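Visitor: The following block contains the structure, expressed as structure tokens.
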Amino acid sequence: MAETAKGFWHTAPGVITAVAALVTAVGGLLGVLVQNDVIEWGRDSQQSATTQDPAATPGGGYGRPAGPEATTAPSTNTPDYIPWSQATADLVRQDGTRTTVKAATVGLACDTETLAFENGQKISLEIVRSIQFEAIYTDNSSADGIVALLDGRELTDPIHTWNCPVMAQNELGPVEIKLENIHRIEFHR
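See the structure below:
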């Protein structure tokens with residue numbers, strides 16, 4: 024009797040390989056969808072739809088105390104905060120006048136994404152609560168001040184400015200404030 028040859032997919036190892044590949048692919052797809060917030064996995068959907076003022080949370084938000092024990096940067100994808108794309112910021116001038124702008128458009132040192140310090144550290148503006156300018160030094164393109172982060176930490180290293188004006192946009196159009204006229208930037212998340 025002649026025996027017919029079976030293809031790889033008709034054998035036990037072939038079926039096991041196919042099932043393992045399918046499980047891996049589905050797991051990978053679910054991981055990507057959860058990371059990109061296409062689906063919510065393990066979160067209360069009502070909780071993620073609410074917003075809370077970070078100032079009302081002890082320790083500056085994220086449920087962590089301010090101080091040296093707060094060592095890791097917070098996730099910017101926390102349901103307690105308004106998404107960065109919807110956040111606003113107040114640009115407060117030395118004379119006390121203020122302009123409300125879209126937070127994602129705020130530009131310092133000719134950059135809208137980050138805040139650079141003279142020590143080489145760069146941080147995303149998404150994790151900043153406020154920037155208080157104490158002194159502006161145009162001769163070396165820096166500013167002294169206090170940068171308060173959402174997790175309660177404060178950074179006091181000199182800020183690198185490149186002597187660029189503070190720039191942003193609101194619904195009326197572009198806003199530009201000379202560096203020597205800025206006093207504070209308050210981000211509202």
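The sequence shown stops at residue 212 when you use this note's numbering, and every number in between is there.
Just so you know, even glycine gets a beta-carbon here, dropped at the ideal spot from N, CA and C.
Just so it is clear, the structure is predicted and the values come from calculations on it, not from any experiment.
1) Take Q155 and list the residues in its own chain whose beta-carbon comes closer than 6 Å to its own, dropping the five residues that flank it on each side.
2) Leaving out five residues on either side along the sequence, give the residues of the same chain with a beta carbon under 6 Å from the beta carbon of I159.
3) Ordered along the chain, which non-local residues of its own chain (more than five positions away) have a Cβ less than 8 Å from that of E136?
4) Mind checking which residues open and close the beta strand (DSSP E) that includes P197?
5) For the beta strand (DSSP E) that contains E209, what are its first and last residues?
6) Let me confirm a value: H183 is counted as buried when at least 16 other C-beta atoms fall within 10 Å, else exposed. Which label applies?
7) Alpha carbon to alpha carbon, how far is E209 from L52?
8) Between the C-alpha atoms of T128 and I205, what's the straight-line distance to the nearest angstrom?
9) Is the CB-CB distance between V151 and L172 below 8 Å?
10) What whole-angstrom Cβ distance do N193 and K125 have, given they're in contact under 8 Å?
11) Can you check DSSP and say which residues form a bridge with I62?
12) Between T161, T122, A44, L131, which lies nearest to L195 when the distance is taken from Cα to Cα?
13) Please report how far the alpha carbon of L45 lies from the alpha carbon of I39, in whole angstroms.
14) Considering only DSSP beta bridges, list what I146 is partnered with.
15) Any chance you could list the beta strand (DSSP E) runs of at least 3 consecutive residues sitting entirely within the stretch 164-189, in chain order?
16) With a 10 Å radius around its C-beta and 16 neighbouring C-beta atoms as the bar for buried, classify V42 as buried or exposed.
17) Per DSSP, which one or two residues make a beta bridge with G130?
Guide: Based on what the coordinates show:
1) G168, I169, R207
2) A166, L202, E203
3) S147, L148
4) 196-200
5) 205-211
6) buried
7) 38 Å
8) 16 Å
9) yes
10) 6 Å
11) None, per the DSSP bridge assignment.
12) T122
13) 10 Å
14) L138
15) 165-172
16) exposed
17) M190
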